[in-house]
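For the record, the sequence lines run as chains A and B. Counted from 1, the first sequence has number 302 at position 302 by full-length UniProt numbering; the numbering is strictly sequential. Counted from 1, the second sequence has number 24 at position 24 by full-length UniProt numbering; the numbering is strictly sequential.
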Amino acid sequence: MLQEIADFLVYQGLGLQPDSTLGGAVNFFVYDSMKIFLMLTIIIFMVSILRSYFPAERTKKILSHKREFFGNVAAAALGVVTPFCSCSAVPVFIGFIESGVPLGITFSFLIASPMVNEVVVIMLWGLLGWKIMLIYIVSGLLIAIIGGWVIGKLKLERFVQDYVYEMKLGELDIVEQTFRERVDYAWDYTKEILRKIFLYVIAAIALGGFIHGYAPEDFLVQYAGRDNIFAVPLAVLIGVPLYSNAAGVIPIITALIQKGMSLGTALAFMMAVTALSLPEMIILKNVLKPQLLAIFVAILAVAIIFTGYLFNIIIV
Amino acid sequence: MKIEILGMGCQKCKDLDTAAKQAVQELGVEAEFSKVEDIKQIMKYGVMVTPALVVDGVVKATGKVLNKDDIKKILK
Numbered sequence: 001m002l003q004e005i006a007d008f009l010v011y012q013g014l015g016l017q018p019d020s021t022l023g024g025a026v027n028f029f030v031y032d033s034m035k036i037f038l039m040l041t042i043i044i045f046m047v048s049i050l051r052s053y054f055p056a057e058r059t060k061k062i063l064s065h066k067r068e069f070f071g072n073v074a075a076a077a078l079g080v081v082t083p084f085c086s087c088s089a090v091p092v093f094i095g096f097i098e099s100g101v102p103l104g105i106t107f108s109f110l111i112a113s114p115m116v117n118e119v120v121v122i123m124l125w126g127l128l129g130w131k132i133m134l135i136y137i138v139s140g141l142l143i144a145i146i147g148g149w150v151i152g153k154l155k156l157e158r159f160v161q162d163y164v165y166e167m168k169l170g171e172l173d174i175v176e177q178t179f180r181e182r183v184d185y186a187w188d189y190t191k192e193i194l195r196k197i198f199l200y201v202i203a204a205i206a207l208g209g210f211i212h213g214y215a216p217e218d219f220l221v222q223y224a225g226r227d228n229i230f231a232v233p234l235a236v237l238i239g240v241p242l243y244s245n246a247a248g249v250i251p252i253i254t255a256l257i258q259k260g261m262s263l264g265t266a267l268a269f270m271m272a273v274t275a276l277s278l279p280e281m282i283i284l285k286n287v288l289k290p291q292l293l294a295i296f297v298a299i300l301a302v303a304i305i306f307t308g309y310l311f312n313i314i315i316v
Numbered sequence: 001m002k003i004e005i006l007g008m009g010c011q012k013c014k015d016l017d018t019a020a021k022q023a024v025q026e027l028g029v030e031a032e033f034s035k036v037e038d039i040k041q042i043m044k045y046g047v048m049v050t051p052a053l054v055v056d057g058v059v060k061a062t063g064k065v066l067n068k069d070d071i072k073k074i075l076k
């Protein structure tokens with residue numbers, strides 16, 4: 001269906017030749033853009049409705065005084081469905097700790113939430129297929145579960161900023177919304193997200209299409225192939241400052257994979273972009289002492305690099 | 001009427017503030033605005049996800065940028 005529309009627009013509308021390089025590249029761009037935006041619109045809308053049933057206040061109650069491990073699993077899963085952006089990381093962290101959510105379980109939540117982000121997941125699905133999407137989700141959740149569990153085991157409570165324990169959290173009743181309100185909210189949210197990422201995604205698909213069409217085959221094998229052992233840590237390092245462009249990174253990654261970047265390296269890069277973000281670390285510095293922040297970053301970095309190597313070894 | 005916007009100074013908080021001011025102006029009511037950026041004050045209201053809208057000490061919405069029509073409904 002979409003392919004026919006793309007064919008019509010590019011070959012009839014613009015009059016480009018189907019067998020020319022330019023015609024092929026433009027067709028690829030038009031088709032991918034339509035597909036990605038259609039998926040983004042539908043899925044973000046549905047996820048937003050689902051999320052309206054999991055406000056942070058309810059998640060906090062579910063996780064409070066949970067036992068380790070099962071609590072970590074629940075926290076990672078709830079991290080995916082609880083609506084939350086990194087600008088609220090400080091009040092969410094304090095709210096969790098204050099109401100008795102164990103530190104390690106709080107971290108499982110804080111790791112899973114940005115990593116398994118709906119925009120990233122949809123774009124991986126649309127551009128790289130459901131298998132890679134599934135690998136990303138499962139390894140992301142595992143990193144959140146294990147990372148949080150390790151932080152819990154290390155007993156690092158003393159490295160939380162002291163004022164956090166002195167906070168008093170007021171009672172806030174969860175106002176049940178009508179279905180109509182949930183739909184309105186979901187639609188507003190979908191529009192807001194699309195508006196925010198629109199340009200990045202278009203630019204990235206165009207750039208991806210350009211690399212796809214014009215860069216020589218295998219030109220990255222030497223630098224980012226599975227045999228270069230520095231590729232994974234380097235990819236993680238490059239990913240750290242790219243947070244706000246998570247949506248734009250994927251089309252470029254897709255093209256790079258086609259040109260020889262190995263899958264494990266690409267996954268590690270994506271995870272670093274979403275979960276190891278510089279702005280989030282700066283925000284978390286408000287509630288964590290430097291020692292705990294450093295341990296958190298180190299555990300995440302090691303887990304992500306390990307995941308990258310693992311998939312470079314097992315996926316041929 | 002006392003309107004407070006809770007949030008630690010992100011873009012969304014500014015958007016909510018702007019929308020609330022428009023709503024007040026269009027309704028033609030008297031309102032005293034304040035921005036609450038201190039985390040202790042925000043937590044006192046039990047708010048974890050910002051921005052939040054508080055009217056006369058009651059939390060009306062959290063975690064979303066309401067548009068001015070929604071805010072008008074709340075203020076009426």
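No residue lacks a Cβ here, since even glycine has one placed at the ideal position from N, Cα and C.
Rounded separation between residue i and residue j - CA only
i, j, result
"leucine 207 of chain A", "tyrosine 189 of chain A", "27 Å"
"leucine 103 of chain A", "phenylalanine 54 of chain A", "21 Å"
"valine 81 of chain A", "alanine 268 of chain A", "23 Å"
"leucine 124 of chain A", "leucine 156 of chain A", "35 Å"
"phenylalanine 69 of chain A", "leucine 110 of chain A", "15 Å"
"threonine 50 of chain B", "threonine 265 of chain A", "35 Å"
"threonine 59 of chain A", "lysine 35 of chain A", "33 Å"
"residue 317 of chain A", "glutamate 57 of chain A", "Any answer about residue 317 of chain A is impossible in this case: the structure gives chain A only from 1 up to 316."
"valine 138 of chain A", "valine 121 of chain A", "11 Å"
"leucine 127 of chain A", "isoleucine 250 of chain A", "8 Å"
"histidine 65 of chain A", "lysine 196 of chain A", "37 Å"
"methionine 8 of chain B", "serine 88 of chain A", "8 Å"
"glutamate 118 of chain A", "isoleucine 42 of chain A", "11 Å"
"isoleucine 101 of chain A", "valine 164 of chain A", "It is worth fixing the name first, because residue 101 of chain A is valine in this sequence and not isoleucine. Their backbone Cα atoms lie some 13 Å apart in a straight line."
"asparagine 27 of chain A", "valine 58 of chain B", "54 Å"
"glycine 225 of chain A", "leucine 263 of chain A", "9 Å"
"leucine 194 of chain A", "cysteine 10 of chain B", "19 Å"
"glycine 170 of chain A", "serine 86 of chain A", "22 Å"
"residue 343 of chain A", "lysine 191 of chain A", "In the structure displayed, chain A extends from 1 to 316; residue 343 of chain A sits before or after that span and is not available."
"methionine 243 of chain A", "leucine 237 of chain A", "One point to set straight first is that residue 243 of chain A is tyrosine, not methionine, in the sequence displayed. Rounded to whole angstroms, tyrosine 243 of chain A to leucine 237 of chain A spans 12 Å at the Cα level."
"aspartate 162 of chain A", "isoleucine 174 of chain A", "29 Å"
"glutamine 291 of chain A", "valine 240 of chain A", "19 Å"
For residue i, the nearest candidate out of the options (CA to CA)
i, options, result
"glutamine 41 of chain B", "A/Pro55, A/Glu166 and A/Glu280", "A/Glu166"
"serine 277 of chain A", "A/Val302, A/Ile202, A/Met115 and A/Met261", "A/Met115"
"valine 24 of chain B", "B/Val36, B/Ile39, B/Asp38 and B/Glu4", "B/Glu4"
"isoleucine 252 of chain A", "A/Ala275, A/Ser20 and A/Ile202", "A/Ile202"
"lysine 72 of chain B", "B/Ala31, B/Met8 and B/Cys13", "B/Ala31"
"isoleucine 299 of chain A", "A/Trp149, A/Ile257, A/Ala25 and A/Gly23", "A/Trp149"
"lysine 153 of chain A", "A/Glu280, A/Ile135 and A/Ser108", "A/Ser108"
"valine 221 of chain A", "A/Glu192, A/Gly260 and A/Val183", "A/Gly260"
"valine 90 of chain A", "A/Pro279, A/Ile314 and A/Val302", "A/Pro279"
"valine 232 of chain A", "A/Tyr200, A/Ser33, A/Ile174 and A/Phe311", "A/Phe311"
"methionine 46 of chain A", "A/Trp187, A/Gln258, A/Gly24 and A/Thr21", "A/Trp187"
"phenylalanine 93 of chain A", "A/Met281, A/Gln177, A/Leu2 and A/Phe198", "A/Met281"
"residue 318 of chain A", "A/Phe306, A/Ala247, A/Gln258 and A/Glu98", "With chain A covering 1 to 316 only, the question about residue 318 of chain A has no answer from this structure."
"serine 34 of chain B", "B/Asp69, B/Val47 and B/Lys2", "B/Lys2"
Buried versus exposed call for residue i [16 or more other C-beta atoms within 10 Å across all chains shown]
i, result
"glycine 308 of chain A", "buried"
"arginine 67 of chain A", "exposed"
"tryptophan 130 of chain A", "exposed"
"alanine 272 of chain A", "buried"
"alanine 294 of chain A", "exposed"
"threonine 106 of chain A", "buried"
"phenylalanine 230 of chain A", "exposed"
"arginine 51 of chain A", "buried"
"isoleucine 5 of chain A", "exposed"
"leucine 134 of chain A", "exposed"
"phenylalanine 179 of chain A", "exposed"
"glycine 15 of chain A", "exposed"
"serine 113 of chain A", "buried"
Check whether residue i and residue j have beta carbons under 8 Å apart
i, j, result
"alanine 74 of chain A", "leucine 141 of chain A", "no"
"phenylalanine 8 of chain A", "isoleucine 205 of chain A", "no"
"leucine 288 of chain A", "phenylalanine 159 of chain A", "yes"
"valine 36 of chain B", "leucine 6 of chain B", "yes"
"valine 55 of chain B", "leucine 75 of chain B", "yes"
"glycine 71 of chain A", "leucine 78 of chain A", "no"
"glycine 63 of chain B", "proline 216 of chain A", "no"
"alanine 20 of chain B", "asparagine 67 of chain B", "no"
"isoleucine 211 of chain A", "alanine 255 of chain A", "yes"
"leucine 53 of chain B", "lysine 60 of chain B", "yes"
"isoleucine 145 of chain A", "alanine 303 of chain A", "no"
"tyrosine 11 of chain A", "glycine 23 of chain A", "yes"
"methionine 270 of chain A", "tyrosine 136 of chain A", "yes"
Item to check | 4-residue-minimum alpha helix (DSSP H) runs that sit fully inside the UniProt domain "Thioredoxin-like fold" (1-76) of chain B, ordered along the chain | outcome: 11-27, 39-44 and 68-75
Next on the checklist: At 4 residues or longer, what runs of the alpha helix (DSSP H) sit wholly inside the stretch 244-275 of chain A?
Outcome noted: 246-258 and 263-275
Checklist entry - Whole alpha helix (DSSP H) runs in the stretch 212-237 of chain A with 4 or more residues, listed along the chain? => result 221-224
Checklist entry - Taking the runs of the alpha helix (DSSP H) that are 4 residues or longer, which of them lie wholly in the stretch 134-178 of chain A? => result 162-166
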